[in-house]
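Q:
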Amino acid sequence: MSGRQKSSSASIADASIAWRQQSAHHVKDDLYRRLHDSLSEAFAMVDMSGALIEYTPAFQELLGYSEDELQRLTYVDLTPQKWHAFEAKIVAEQILPLGQSEIYEKEYRCKDGSVIPVELRTFLLRDGEGQPEAMWAIVRDISERRRVEQELIAARAVAEKANQAKSRFLAAASHDLRQPLAALSLYVGLLKSRGAPANGDLAGRIEECVESLSEMLTDLLDVSKLDAG
């Protein structure tokens, strides 16, 4: 085989290898894109300036912005002002030195002006030289969880209010019922003072009932005091 033929065969082989590598690269990119688009969770990646460079359709749907709009925004633009210092602290104290954050909560501002609570954990990506290159996070809408929490807080407040009303009622009822019992005790004393045997026996029985009722009312009053703190 001549040198020209060998050179031609080598070129064909090199071209074949390059084509296979390029095809594999396209297949890999296509698989990644399909996996990326199929994620049901909202995923977002930003560069170190905060600009959005990658996100899933779920993230776009969550916030309601068009693709062109999102490409002109940063995660800071999407975050209400009250969270800026908090999230900057997360980046400085967790993400940059540790490579990731703890799970934390914040809010995003949607295109329609509404604000939604979200939960996320952010991870740091570094370039080949080990320098911070990007940050990415899975973003979860926790609106339903917040709604349930608020309903539980409201229900607890109603229950506490009802319990306090019950305690006040028991305290008042216990106090008011003591008045006729006190009078009844006086009447028993008068009845016993008359000295007739029949009266004494009857008075003794009535006195036992009065004492029993008094003890029960005392217990009731003590419980109401405990409930009222």
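First residue of the sequence shown: 0, per numbering that gives the first Met the number 0; consecutive thereafter.
Quick reminder that beta carbons are idealized off the backbone N, C-alpha and C, glycines included.
For clarity, every value in this text was computed on a predicted model and none was experimentally measured.
#1: Please identify the residue among Leu219, Lys160, Pro179, Leu77 whose C-alpha is closest to the C-alpha of Val114.
#2: Give, in chain order, every unbroken run of the beta strand (DSSP E) that is at least 3 residues long and sits entirely within the stretch 132–189.
#3: For the alpha helix (DSSP H) that contains Leu62, what are its first and last residues?
#4: Determine the direct distance from the alpha carbon of Ala181 to that of Ser211, and round the result to whole angstroms.
#5: Taking the beta carbon of Phe58 as the centre, do at least 16 other beta carbons fall within 10 Å, making it buried, or is it exposed?
#6: What is the rounded straight-line gap between the Cα of Leu61 and the Cα of Glu53?
#7: Mark Ser230 as exposed unless 16 or more other C-beta atoms lie within 10 angstroms of its C-beta, in which case mark it buried.
#8: Could you give the first and the last residue of the continuous beta strand (DSSP E) run that contains Glu66?
#9: Can you look up Lys105 in the DSSP assignment and give me helix, strand or coil?
#10: Applying the 10 Å Cβ sphere with the 16-neighbour rule, what's the burial state of Val138?
#11: Looking at the structure shown, is Val26 part of a helix, part of a strand, or coil, going by DSSP?
#12: Restricting to Cα atoms, I'd like to know which of Phe122, Leu69, Lys81, Glu118 is closest to Ala91.
#13: Helix, strand or coil, according to DSSP, for Met44 in the structure here?
#14: What did DSSP end up calling Val114 once you bin it into helix, strand or coil?
#15: Give the straight-line distance between the Cα atoms of Gln80 and Ser65, rounded to the nearest whole angstrom.
#16: Within the chosen definition, does the stretch 125–134 reach the stretch 143–152 through at least 3 CB pairs nearer than 8 Å?
#17: Let me check understanding here. Comparing Cα to Cα, which of Asp200, Leu190, Thr73, Gly127 lies closest to Met47?
#18: What did DSSP end up calling Gln99 once you bin it into helix, strand or coil?
#19: Between the alpha carbons of Ala50 and Ser142, how many angstroms are there, rounded?
A: In this structure, then:
#1: Taking only the C-alpha atoms, the option nearest Val114 is Leu77.
#2: The qualifying runs do not exist here; there are none.
#3: Start and end: 56–62.
#4: Here the alpha carbons of Ala181 and Ser211 stand approximately 13 Å from one another.
#5: Result: buried.
#6: Each residue's alpha carbon lies about 15 Å from the other.
#7: What the structure shows of the chain is the stretch from 0 to 228, and residue 230 is not part of that stretch, so it cannot be assessed.
#8: For Glu66, no beta strand (DSSP E) segment is defined; the enclosing uninterrupted segment is the alpha helix (DSSP H) at 66–70.
#9: Here Lys105 sits in strand by DSSP.
#10: Under this definition Val138 is a buried residue.
#11: Its pLDDT being 41, under 50, Val26 is placed unreliably in this model, and the value from its coordinates should be taken loosely. The answer is helix: DSSP assigns Val26 an H, G or I state.
#12: The shortest Cα separation from Ala91 among Phe122, Leu69, Lys81, Glu118 belongs to Phe122.
#13: Strand at Met44.
#14: DSSP places Val114 in strand when its eight states are reduced to three.
#15: Going from the Cα of Gln80 to the Cα of Ser65 covers about 22 Å.
#16: Output reads no: the stretch 143–152 does not touch the stretch 125–134.
#17: Taking only the C-alpha atoms, the option nearest Met47 is Thr73.
#18: The answer is strand: DSSP assigns Gln99 an E or B state.
#19: For Ala50 and Ser142, the distance between alpha carbons rounds to 25 Å.
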